[in-house]
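S.K.: Under the working numbering, the first residue of the sequence shown carries the number 20, and numbering increases by one thereafter.
Even for Gly, the Cβ is constructed at its ideal location relative to N, Cα and C.
A single structure is presented below for examination.
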Amino acid sequence: MGWHDETLRTVIASHRGEVVRTTGDGFFASFGDAGAALDCAIAIQRRLAEHRRRHGFAPQVRIGVHSAEATAVGEDYAGLGVHEAARVGALAEGGEILATASTAAAAAMHVELGEAREVSLKGLPHPVRVVSIAWRQA
């Protein structure tokens with residue numbers, strides 16, 4: 020799936036993001052602001068949907084978006100916010116963009132949001148409000 024990795028790297032870079040690390044078929048990327056991260060997530064889902072329409076296949080990726088301060092550790096990041104972002108991503112379903120409600124609010128984007136819900140995430144001391152981000156074009 021080299022085309023998949025290449026596509027994600029290209030879309031992330033075009034939204035001023037940086038691939039921090041990959042884990043199997045997963046990507047951990049950082050962005051300067053929540054809006055760029057959500058714009059990128061939408062662009063990734065749309066690019067993969069277009070590939071699926073044209074070629075009959077593209078993976079249904081799960082995307083989690085959370086914004087928080089993180090500590091740089093070499094070329095990686097650490098901190099509770101990194102952990103929270105990973106848990107939100109794991110909670111998303113294939114073809115879904117799931118964001119923390121605080122990140123969606125910080126982005127101040129004009130996108131349709133699903134109903135907010137509170138979830139418990141392993142390793143976090145408090146419930147987290149998440150929303151699904153609508154990315155499909157009408």
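1. Anyone know if the C-beta pair for V84 and I116 falls short of 8 Å?
2. Can you list, in chain order, the residues of its chain with a C-beta nearer than 7 Å to that of G108? Leave out the 5 residues immediately preceding and following it.
3. Starting from V107, trace the beta strand (DSSP E) both ways and give me its first and last residue.
4. Between A91 and V101, how many whole angstroms is the CB-CB distance? I'm expecting something under 8 Å.
5. CB-CB under 6 Å to G36, same chain, minus the five flanking residues each way: which ones, in chain order?
6. What first and last residue would you give for the beta strand (DSSP E) that runs through E37?
7. In its own chain, which residues sit with a C-beta less than 7 Å from the C-beta of R40, not counting the 5 before and 5 after it?
8. From L27 to P144, what does the alpha carbon distance come to, in whole angstroms?
M.R.: Straight from the coordinates:
1. yes
2. R81, I82 and G83
3. Unbroken run through V107 is the alpha helix (DSSP H), L99 to L110; no beta strand (DSSP E).
4. 11 Å between Cβ atoms; not a contact.
5. A48, F50 and C59
6. E37 to T42
7. F47 and D95
8. 32 Å
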